[in-house]
Structures are given as C-alpha cells and as structure tokens.
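Numbering (our numbering), first residue to last: 15 to 878.
For each residue, glycine too, the CB sits at the ideal point set by N, CA and C.
What follows is a single structure, written as structure tokens, with notes after it.
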C-alpha cells in the first residue's frame, strides 16, 4: 500500500515593525571591552551600545576538551542558559533552554544566527543534533543576546533570544597561516545503574519466589559490563587563512571526526569542509562575503532499549549459548531480547549530507559612505538516509527471515534578504545614528520516503508492506527595521521590530508582529563620577519587547480551528559594572516574561474518536534574576589567576487557563506534567503515595482529595529554582590550568526508568525472571507504581564539566611557530542525591537515557 501526503502553499508578503530601546552591559565572563563590536549580519554594533548585558565568548573562554558539537562549548557558561544533553550518544547534540522558556510546546532555544543567517532549528536526521554539522573548531565567537531589540528583527522565533555564531575568517593584509589541531580521547561509563548483581538476585528469588528458583542460571553476568565499553575517539582539524596577495581575505578548513560511543555499536564519522572569501573593491566601497560548507555525517545508532534491557535481564544467565540465533542467549518462547544481541546484530545507519552557503554583497555609496545597501542569499540542503538492518538469525525477526528498511528525508531552505544600513556619526550633535530597514523571504521544502521493509534476501515483507511519501512546502516573508541613537557615548535608545507572514500556518492567522523598546545610560561617563580611580564602567539598561511566535500553532491543514500565535511580552532591567581597571566585573539583571495564548495539544472530539490538536489554553509568567561576577585575583608578566561565578534564579506561575479547564495534562496521559492556575509550569501531575510506619510505600494506597477520590495532583516542577556556575583560569609562565563547575538546585525528576526496574519479578506464565534495582531490597514492591510520586526525586546536582591543563611549547623568540599541548577530563564527577544515572534529563522524565560518559583527552594545537 502506498500513501502520499502532499501539502503546498504559496508565500505571502508580510511586513512588520516595532520599536525597541536598548542598553548594553557586558558579561564579565566574556572579558570584552567597550571597544569591541558585534557583527550581527544586519550591521555592526558597538558592544557598549547594545542595551543589555552581552554574553560574548571567544575560543579562550569556551569549554575545553573533546568537543564535538557547538552546544558543548556553552554548557555552564552563560547565566540563564541551560544546555541539556540529549544523552551521551555520538552526534546526539543538546537542547538549549533560556530561563524558563517562552513556550511549553514550541522550542525554548535561542534563535541561531550563523554568520548572519538565521537557522530554523530543524534537521533532516532524527538522531543527530541540530548543530552537529558545524565543526566547533571553525567557530571564532559566540554571542547571546537575551532581551535586546536586535532580536525583534527576526520575529517571534527570537523570543528566547538570539545566539550569534561567527566562524573564522581571514583578514586583509594578514599573512597566510596554517593551524592544525588534534585531540584523542577515551570515554568510559561514569556510573552504573544500581541493579542487583547475580548473587543478590539469586538470594531474593530463593527467598521470595522459591517455586521459581529453577529458572535461575549458573552464570554471574553483569549485563552493564556486557553492553558498555571504553571508547576511543579522535578529532583533527586543519585551517589555512590569511589574505591572497595581501588583499583578499580567505579561509579554508577541513576536519575529520571519529567518535565511538560507550554503548557498543554506537559511533559517529564526520568529514567537514568550509571555505570563505571576502574580497573588497572600489576602495572598500564594494565588499563580497562568500561562504560554503559541506559536511558528511554518518551515525551508527545503537538501540537504546538495550540499556534498560540490561537492567532487567536475568544476571544468572550467560551472554552466549549454542543456538541458531547468532549464538546469543535468548528465551526462545518469550520474545525477550538479549541486550548484546540488540547492539551487535542490529545495525542502524543514519547518514546525512549537509550543504550550506551564502553570498552577502554590500555597497557603500560613494557620495555617502555611511549608507550601504546589502543583499544576501543563503541556503541549506540536507539529505538524510536511515537504514535499519536486522539479520535473519536475530531472534526478534527470525520469523521474517531478517528485516531491512530504508527511509529518506530531505530538508532544504533558501533565504533572501535585501536591506539598507546607515551607520553615521553626527559630530554636531556629538551623537551616532544607526538605522537598518529591509525585507526577508524564506522558502522551505521537505520530502520524505518510507520504503517497505524486506527480508535479508530482498523479499518484501507483505504484512508490513507500507510505503509512504511525504512532501511539504512553506514560505515566509516580511520586513524588519531597527533604529539606534547614541548621544555623547552615554545615552542610547534603540528601536527594532518585524512583521512576518507564514504561509504554512492556519489560514486565519494575521501577519505576526514583534518588537520592543530599550534604553541605556553610561553613568560612569557622567561628570560626577568621571575620573574616579576605582570605577571603570557603570551602565544601567532596560528593555521591553513583545514577540508573536508561530512555531507552536500547528499547520494549515487544520484550517477550521481558530487559533492565534503565542505572544510573549518581555521586560528586563539591569546594571553592568567594572572596577579597578576592569579587575572586577559584574552584572545583575532582573527579567520578567508573560506568555499569552499559550498553545498546548489538547484532546479534541472528532467524529467517534479523539485527537490531540493545538489550542490556545492560557497564560503563564516567568521571573528571575541573573548575577555574574568575574575577578582577576592576580595579574603579572608571569602569573595570571581569575575566577568567575554566576547565579540565576527562576520562578514561574500559571496565571490562567482557558474556560472549561481546571487543570491540564501534557505531553501524554500516563506520565504527565500538569498545569493549573497558580502552579509552576512543568509541574508533575502524580498520585500522592501513602507510606507505612517504616516509611515504605503501601502498594495501591494513595492520598485521596477532599472529596475522598484518589486522583493525581500537581507536585514539584522539573524546572530548577537556581542555576549556578563557577570557573577559574590560572596561568604560570607557559603552564595553564582551568576548570568549570555547573549545577542546578531545586529541580525534580520523575525516575520512570527506576520505576520500571524497581521490581524483581518472575513471569509465571512466561518462564523467565526479571531483575530490578536495589530499591527492591528496601520496598519488596512487586507491583507497578505508575504515576506515583514515590519516584519523584530531587534532582539538584553539581557537575565538574571539565578540568584542563595546558603547556605552551612555543619558543619565546619565534612568532612564526606556535605549539600547545592539552590534557582534559570532562564529566569527572556529579554530586547529586538522584538515584538515576544522570540528573540532567529532558522535560524532567528519566526514561533511561544514553548516559553521558567521563572523557579523558590529550590534544595539540600548532600554528605555522
């Protein structure tokens, strides 16, 4: 049977404008000065004129070690930004969450701007992170703007801020240089799941299930030792940059990554190439920026079900046996898969080819060089192929004589921008004016094909012979504008906004407007403070913005629904200070955001059934404070020592729910989060467990409500109350050392994996035994505790993100050759009371994820 789904839609022109005043304060951890500038792709801004605390990181401030994705560079670095790993699988990437987030359905990640080009955050692969195509070694700087007006020019998708990533480029009159770096790493499992060993398991079965002890085997197998391994990986990167004929800046780089995962069978291979060319003509009045990159990424995807399968598999049974199923021990009548068979016999390959590039042409008018006209065209093309192979001798598919299936997916987009940019000094008024106005259009095409599965011999498996084709097309168009005015280098006002139309959204949707206002004041430049010996900088700022986010609304084929875009209103105010020639720098920022017309997937009756469809269901508020400090303890010609720390508080409250809803469950009906008026967002919706006099849970007994009914109730939230970070950097002559600690306080985790593995139980009708965790020794609980808050645990933690040592082998008399060696350990320890393998899990529900490994690495960096 073949099914074809086809959705097309024409683009519409949308226009949007809004105002925004802004002020800048620079994050202490960024270590940048007021003379620094930020290139956004729509203009160049002085950092001192951006109306917020700018978190700007360069390679020396980024995380160290075996880094395979850009998200890893940011973990624990920026106040308010959570970077939650998608697990330890090679290529898995991470999810970025700013503060509490502006949506419970759509992404709460900052909008990524790569070399001036906004990325959608969607990829062709289901198993690779959104940014894993970008080689971290190609990155020159990363800057996060959380609240400044610049974000409004990108519409509602920037309601969680804008993350600017700039890649390395050559410079005019620069000599051609070669830079080579290589890293070798060994990764190991940091912590095993606390399941029973073979001897303890035998004792429990003989004590509690004596009539089933004949099912016990004679082996002593640690199934976690069986499925995990020590994994060796390496990464190499070569870059050439400079100026051709001392006039045309260029940069070229190639990279090769081979990453093996600690779960057997999992690995990543990535080959990358990038090139940029930045010529300028007509005495720099005409400039052209060209960029192209090609990345081939291949993942061997291990079956993560083998992880929880290893927890549950009988530890008294052997790994192998003489049989027709590949020599793996199995229960031939009961369909229980051998965990090692799942990893070694099953072979899932995920291969993606990325092409991306842009051309940006800028002309500064000869009669008025402060005014330029700009045109940009950018594209990304992703082709993905996923193939799953299970041989005929694998027990799970032996009756099919093997299983082979192929799926393909394409994700392609093109973006065009045309804009005017004015950067003008008004000397008469001792002021500076910057104005940007333009239009943007984007077209996206996605195509997919699910092929029918076939046997190892190539025969179609008839009872599974479904073949599907998918295609969707969408477009957006709009206009954006920005105006910034600075007077006497002390007072800055900034206004920015946009209006966009999205052709793939509900046909009733009006064009979406985003914008805001902001202002800043450099108090240190005032007469009454100028010349103060201990005060270097003191700025205050405030911003107001309003963003309409289209991402949670659903698609146009639900056109009969009256649904509006989520609208997030943001306000923040703060202060940046630097003292004693910048030795001490700090920021404090107060923020508030309110999301109205909150979109959630609700059960809606349709004919004789029910479906989950997006509906506007309420409003919630998020507030908090961000503080960061950086202090240089000592600085001399041979010794340097600085420390930095940051703290973020987060709080949220549901202000209202739609008529007819006293509470609401999401994302599913079984292990749900919940909302009700006055509650925190992402609160767990669970049954309140009752306990006996010894503090043990009473099977099937839960606390009733005031009406005597046993129903789930809202409990703790998965959001932390505090985010913390601490870093230090020490240099003595040629020796250097640095470390980063990060953590969260007040978050809670529903240990669903622990729930499933907390029972030692015989399957009387199936003839095999199931292992459990050490929790069973205390509770002897033999029945499921689904939706019980017994498994809701405190998830506070403090993690050593990395500890790095380096040595500079360069000769002091040579400026041509540089050589540095590095040794790093990552994820060495996690201090936590959480009983699971890792306290950082998506949405606060631990399903038994691929654990983050501890990694030891050695690296060299050489420049010629």
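- Counting only runs of at least 3 residues, the segment 661 to 709 fully encloses the following beta strand (DSSP E) elements, listed from N- to C-terminal order: 677 to 680, 687 to 690, 697 to 700 and 703 to 705.
- Contact between residue 166 and residue 510 holds, since their C-beta atoms are separated by about 4 Å, short of 8 Å.
- Judged by DSSP secondary structure, residue 858 falls outside any alpha helix (DSSP H); it is assigned neither H nor E.
- Rounded to whole angstroms, the gap between the alpha carbons of residue 730 and residue 367 is 43 Å.
- Put simply, the backbone Cα of residue 348 is about 10 Å away from that of residue 410.
- Assigned with DSSP and collapsed to three states, residue 813 falls in strand.
- Residue 246 sits away from residue 268, with the two beta carbons spaced by 8 Å or more.
- Residue 173 and residue 527 have their C-alpha atoms some 12 Å from each other.
- Residue state for residue 205 is assigned as coil, using DSSP reduced to three classes.
- The C-beta distance from residue 56 to residue 433 rounds to 6 Å, short enough to fall under 8 Å.
- Contact between the segment 145 to 157 and the segment 80 to 100 is present: 3 or more CB-CB pairs across the two stretches fall below 8 Å.
- Shown here, residue 89 sits in coil according to DSSP, grouped into three states, outside any helix or strand.
- Counting the other Cβ atoms within 10 Å of the Cβ of residue 648 gives fewer than 16, which makes it exposed.
- Secondary structure within the segment 270 to 345: the beta strand (DSSP E) runs of 3 or more consecutive residues, fully enclosed, are 281 to 291 and 300 to 315 (chain order).
- In the same chain as residue 754, and ignoring 5 residues on each side of it, the C-beta atoms closer than 6 Å to its own belong to 90, 741, 815 and 816, in chain order.
- Per DSSP, reduced to three states, the secondary structure at residue 766 is helical.
- Between residue 392 and residue 131 a beta carbon distance of about 4 Å is seen, short of the 8 Å cut, so the two are scored as contacting.
- Here residue 596 has 550 as same chain residues with Cβ atoms under 7 Å from its own Cβ, once five neighbours each way along the sequence are excluded.
- DSSP lists 111 as the beta-bridge partner residues of residue 96.
- If you ignore the 5 residues before and after residue 92, its C-beta comes within less than 6 Å of the C-beta of 69 and 158, all in its own chain and listed in chain order.
- In this structure, DSSP gives residue 756 an extended state, which the three-state scheme calls strand.
- Remark: fewer than three beta-carbon pairs, one from each stretch, lie closer than 8 Å, so the segment 853 to 860 and the segment 818 to 825 are not flagged as touching.
- Segment contact: the segment 492 to 506 against the segment 458 to 465, fewer than three CB-CB distances shorter than 8 Å; contact not assigned.
- Judged by pairs of C-beta atoms under 8 Å, the segment 230 to 237 does not touch the segment 251 to 267, as fewer than three such pairs exist.
- For residue 353, the enclosing alpha helix (DSSP H) has its first and last residue at 353 to 358.
- Sequence-distant Cβ neighbours of residue 660 in its own chain, meaning closer than 6 Å and more than five residues away, are 93, 642 and 739.
- Remark: fewer than three beta-carbon pairs, one from each stretch, lie closer than 8 Å, so the segment 207 to 223 and the segment 547 to 566 are not flagged as touching.
- For residue 417, no alpha helix (DSSP H) encloses it; the enclosing beta strand (DSSP E) starts and ends at 417 to 440.
- Less than 8 Å separates the beta-carbon of residue 877 from that of residue 832.
- DSSP places residue 169 in the helix class (H, G or I) of the three-state scheme.
- Sorting 857, 782, 703 and 533 by C-alpha distance to the C-alpha of residue 99 places 857 at the top.
- Fewer than three pairs of CB atoms, one per stretch, sit closer than 8 Å, so the segment 217 to 235 makes no contact with the segment 188 to 195.
- Runs of the beta strand (DSSP E) lying entirely within the segment 471 to 532, each at least 3 residues long, are 481 to 501 and 505 to 516 in chain order.
- Annotated as proximal: residue 813 and residue 757, with beta-carbon spacing under 8 Å.
- Per DSSP, the continuous alpha helix (DSSP H) segment holding residue 215 begins and ends at 212 to 222.
- By the criterion of a C-beta distance shorter than 6 Å, residue 155 is surrounded in its chain by 72 and 180, once the five residues flanking it on both sides are discounted.
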